[in-house]
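Just below is one structure, and these are the notes that go with it.
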Amino acid sequence: MLAIPELLNHLEAELKRIIDERQLVNPLMIGIRTGGVWIAEQMHRRLHISEPLGLLDISFYRDDFSQIGVNPNVKPSQLPTHIEGRDLILIDDVFYTGRTIRAAMNEIFDYGRPNQIVLAVLIERDGRQIPLNPDCVGTSITLDPDQRIKLTGPEPLAVHLETIEAVA
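Quick note: the sequence shown, position 60, residue 60 per the UniProt record's numbering, numbers continuous.
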């Protein structure tokens, strides 16, 4: 399937390019639980970011929260108290509809107004429902409507393609 080392290398190169291009100063990196945190841990090390890695759990910010209820594995977000005016790098594993990123940005803005946010994802797939686009991508793929992509890890990181069974 998709080779994780190559995807991580490509994402790292894209992030270095955009950090330079957008002149990010002492950026704060934030990973979205769970898969986004695994990718963010890798990028945080590779890019030698000095600030501690921020962790974001968007469970309470999802737009389907009232329909699906509380996930029993909800963990608290761990963000620095000072986000105001900061350059942020937001990391997720798979960009699909855009709803996860919308929820993440809603939570981030509850902490303060950042200077700018760079969005980096390991895999971008088709199916966008909200007008958002990642700035940095490890790879882009097209899937059939009954397919989804899942990252497992953290050690080893692996990507799996799953077929969703139709409900009768």
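Backbone N, C-alpha and C fix where the C-beta goes; we use that ideal spot for every residue, glycine too. Since the model is a prediction, treat every value here as computed from it, not as a measurement.
- The Cβ atoms of Ile-30 and Leu-47 lie no closer than 7 Å to each other.
- Counting the other Cβ atoms within 10 Å of the Cβ of His-44 gives 16 or more, which makes it buried.
- Here DSSP, grouped into helix, strand and coil, assigns Ser-59 to helix.
- If you draw a 10 Å sphere on the C-beta of Pro-114, you find 16 or more other C-beta atoms in it, and that means buried.
- For the options Asp-146, Asp-126, Leu-122, the alpha carbon positioned closest to that of Val-37 is the one of Leu-122.
- Comparing C-alpha distances from Leu-88 to each of Leu-24, Pro-145, Tyr-61, Pro-131 shows the shortest one belongs to Leu-24.
- Within its own chain, the residues whose Cβ lies closer than 7 Å to the Cβ of Thr-100, once the five positions on either side in sequence are excluded, are Ile-32, Ile-58, Asp-92, listed in chain order.
- Counting only the Cα atoms, Gln-129 lies some 32 Å from Pro-52.
- In terms of CA proximity to Leu-7, Val-137 leads the group Val-137, Thr-152, Pro-154, Leu-143.
- Counting only the Cα atoms, Pro-76 lies some 22 Å from Pro-27.
- The DSSP-derived three-state label of Gly-153 is coil.
- Residue pairing by DSSP places Phe-95 opposite Glu-124 in a beta bridge.
- In the three-state reduction of the DSSP assignment, Leu-24 falls in the coil class.
- The C-alpha of Ile-19 lies about 27 Å from the C-alpha of Ala-158.
- Shown here, Ile-141 sits in a strand according to DSSP, grouped into three states.
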